[in-house]
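Numbering (my numbering), first residue to last: 7 to 357. Just so it is clear, CB atoms sit at the ideal spot from N, CA and C, and this is done for glycine as well. The structure under discussion appears below in the form of structure tokens.
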């Protein structure tokens, strides 16, 4: 009987110890669960509680950005975009003494122009053939950093958002330069204009220095009077672009005397405010970590963009009556005071 009593006491003791141990473990587990719930609740209602990584594509180029929620109604976004490099051709017609290179009669047949005659003479003098138009290659160089704030104003509809912020990048967003093929013609134009100036001022074409002795006195070489007069009558060679707004005079662009090239740069303000709106949602059904959104808005240049040539002339502000394809491009760029932004964004939630 004594043995049975001791066994029963031992069982009760072990049961009490086990119950005390379970109470301790359960209490600890409850405390841990409470801490996790509190942490999740804090993350849900706090700031910078997530990080999203996105790939973008649109009218401002392709790029990446990162985003994080700031409370329940705001999201901060920062990123970088650049325009892939491509080029398109623009042609400047050559003129001589104010006369177009291509001349036509009343029936539309091509007739010999002043340029045609001069081109033959230049071929004899320099060996270079001058084309009647110069090819320019236009290339976008747009690239910007961006800082944006998305606002989600509808508590029960998180698909719509409004965005405000700015883009910042180099002021030059496009450039046009003559093609390699056009270099021969441009060099010939520069050489001809130099000869023209010497003929107008009655300067020697070449001056050969000597040492003052009878055997090497030196000499100045001139073109014949008839030849020089013919060049003077032809006039300078250049590219008629339009008329100067301040004086009404013809603006004829000539190759840069230093490198023989023709260049135009498109410039705007470096700081460009942005306003827009967008709509987004899940990219994959039943997946909250992949999203897609579409944005539309306007990036403000800060006024009319500038198109500045290598000689410092601003085509959008200093020149008018620009004809042909060049005029179409100048009118288009000069009229775009606000750059339209349309983009799609694919987003992966990191956490």
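Secondary structure of residue i, DSSP reduced to three states
i: residue 82; result: strand
i: residue 132; result: helix
i: residue 120; result: helix
i: residue 228; result: coil
i: residue 323; result: helix
i: residue 269; result: strand
i: residue 203; result: helix
i: residue 317; result: coil
i: residue 140; result: strand
i: residue 69; result: strand
i: residue 234; result: helix
i: residue 156; result: strand
i: residue 243; result: strand
i: residue 175; result: coil
i: residue 112; result: coil
i: residue 312; result: strand
i: residue 127; result: helix
i: residue 186; result: helix
i: residue 196; result: helix
i: residue 290; result: coil
i: residue 88; result: strand
i: residue 329; result: coil
i: residue 342; result: coil
i: residue 337; result: helix
i: residue 16; result: Model confidence at residue 16 stands at a pLDDT of 44, short of 50, so the residue's coordinates are unreliable; what they give is reported in the following sentence. Three-state result, residue 16: helix.
Residue i burial status per 10 Å Cβ neighbour count (16 or more: buried)
i: residue 3; result: This structure gives no information on residue 3, because the portion of the chain shown stretches from 7 to 357.
i: residue 142; result: buried
i: residue 358; result: This structure cannot settle anything about residue 358, because the visible part of the chain is limited to 7 through 357.
i: residue 116; result: exposed
i: residue 195; result: buried
i: residue 222; result: exposed
i: residue 6; result: Past the edges of the chain, shown from 7 to 357, lies residue 6, and the structure says nothing about it.
i: residue 92; result: exposed
i: residue 78; result: exposed
i: residue 345; result: buried
i: residue 152; result: buried
i: residue 296; result: exposed
i: residue 170; result: exposed
Residues that residue i bridges to, as DSSP identifies them
i: residue 222; result: According to DSSP, which records beta bridges pairwise, residue 222 is partnered with nothing at all.
i: residue 353; result: 60 and 297
i: residue 105; result: 102
i: residue 348; result: 302
i: residue 212; result: 227
i: residue 256; result: 249
i: residue 274; result: Partner(s): none; residue 274 has no beta bridge.
i: residue 279; result: 172
i: residue 4; result: The requested residue 4 is not part of the displayed model; the chain covers only 7 to 357.
i: residue 166; result: 285
i: residue 146; result: 180
i: residue 95; result: 143
Nearest residue (CA-CA) to residue i, options the options
i: residue 84; options: 62, 104, 208 and 167; result: 62
i: residue 314; options: 339, 158 and 138; result: 339
i: residue 240; options: 161, 93 and 106; result: 106
i: residue 150; options: 157, 174, 124 and 196; result: 174
i: residue 349; options: 55, 57 and 70; result: 70
i: residue 64; options: 355, 357, 351 and 80; result: 351
i: residue 262; options: 94, 317 and 242; result: 317
i: residue 57; options: 202, 326, 81 and 68; result: 81
i: residue 323; options: 268, 346, 252 and 307; result: 252
i: residue 227; options: 209, 124, 238 and 216; result: 209
i: residue 242; options: 260, 225, 232 and 229; result: 260
i: residue 98; options: 345, 306, 353 and 332; result: 332
i: residue 304; options: 54, 66, 59 and 257; result: 66
i: residue 76; options: 55, 354 and 278; result: 55
i: residue 121; options: 131, 113, 112 and 102; result: 102
i: residue 279; options: 139, 118 and 154; result: 154
i: residue 231; options: 256, 211 and 281; result: 211
i: residue 183; options: 135, 94, 347 and 200; result: 94
i: residue 96; options: 307, 269, 282 and 357; result: 269
Residue i Cβ short of 7 Å to the ligand HEM heavy atom set
i: residue 177; result: The ligand HEM is not part of this structure, which contains no ligands at all.
Would you call the segment 131-148 and the segment 174-185 in contact, with 3 or more CB pairs under 8 Å?
Contact annotation: the segment 131-148 touches the segment 174-185, with at least three C-beta pairs closer than 8 Å.
Is it the case that the segment 189-202 contacts the segment 157-172, given that we only count it when at least three CB pairs across the two stretches are under 8 Å?
no
Is the segment 242-256 touching the segment 289-308 in the sense that three or more CB pairs, one from each, lie closer than 8 Å?
no
Would you call the segment 274-282 and the segment 292-312 in contact, with 3 or more CB pairs under 8 Å?
yes
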